[in-house]
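Read the structure below first, then the notes.
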């Protein structure tokens, strides 16, 4: 059985929690995750077999349940802390082009970070979901440049309304910000399961480019181990509202 252990703030470097609000939220999330982990432990041990897709689906549900308990104030208050921590990464602070995304629902908020990068003159690319779940890209020009788009029965997404740059535009990024539900001590990311970012990572690998891969999460979503499959690739770092955890050096 693969243990799913939440790595505390002392595992995040630097482990500086920004203000009482973020600290209190971290404690609340710990309690929520511990409740979720108790439900995991009550299930047959086979559910955590590495590489099993049902394992991933079960873990995704657990992490999404915890996120569903966050309020709009929680997401908004942590977004500024997340942006501040992300901008401490040299790979972002010195980047000329960053491929990012607009957060939805209870995901860690990204708009504050997008605006900060854009204000610094960084070229920010945002994804446009295609019919086959691949990603096209467009340039971010402030929140007024976003359009709300509904793809079938899925949640509406905020996407860039300007010129489409093509799926290969991501190859010019110095850093790629990835959504996720968790990351483990090896840098293996647990995504939502749509496969869009698996395609992005495969495209980067085929082209022989190695931008900094950074996943944006809440503090309690940095865990000991998540199931992996052969196509999964590790990220370089995870950013949470309280700090940065590095897994491998960026080229």
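Residue numbers (our numbering): 3 to 253.
C-beta atoms are modelled at their ideal positions from N, C-alpha and C, and glycine is treated no differently.
| Asked | Found |
| --- | --- |
| Inter-residue Cα distance where the pair is residue 141 and residue 162 | 6 Å |
| Residues bridged to residue 161 [DSSP beta-bridge criterion] | 149 |
| Range covered by the alpha helix (DSSP H) that runs through residue 125 | Counting along the chain, residue 125 falls outside any alpha helix (DSSP H), though it belongs to the beta strand (DSSP E) covering 125-131. |
| For residue 190, the residue or residues it bridges with in DSSP | 236 |
| Classification of residue 133 by the beta-carbon crowding that lies within 10 angstroms, buried from 16 upward | exposed |
| CA-to-CA distance, residue 137 to residue 195, given in whole angstroms | 14 Å |
| Three-state secondary structure (DSSP) of residue 138 | strand |
| Residue nearest to residue 175 in terms of C-alpha spacing, selected from 237, 236, 166 and 214 | 214 |
| Contact the region 166-182 vs the region 216-231: 3+ CB pairs below 8 Å | yes |
| 8 Å contact criterion, which residue 91 and residue 246 should meet: CB distance rounded | 6 Å |
| Residues near residue 157 by beta carbon distance below 7 Å, same chain, minus five either side | 106 and 107 |
| Chain-order list of residues whose beta-carbon lies under 7 Å from that of residue 200 (same chain, five-residue window excluded) | 233 |
| Host beta strand (DSSP E) of residue 219 (start-end) | Neither: residue 219 is in no beta strand (DSSP E) and is coded neither H nor E. |
| Distance between residue 189 and residue 237 (C-alpha atoms, nearest Å) | 5 Å |
| Reduced DSSP category for residue 185 - H, G, I as helix; E, B as strand; rest coil | strand |
| Nearest neighbour of residue 209, chosen from 173, 228 and 240 [CA to CA] | 173 |
| Three-state secondary structure assigned by DSSP to residue 180 | strand |
| Segment limits, beta strand (DSSP E) that includes residue 80 | Taken as a continuous stretch (DSSP letters only), residue 80 belongs to no beta strand (DSSP E), being part of the alpha helix (DSSP H) at 74-88. |
| Proximity below 9 Å, CB of residue 242 to CB of residue 63 | no |
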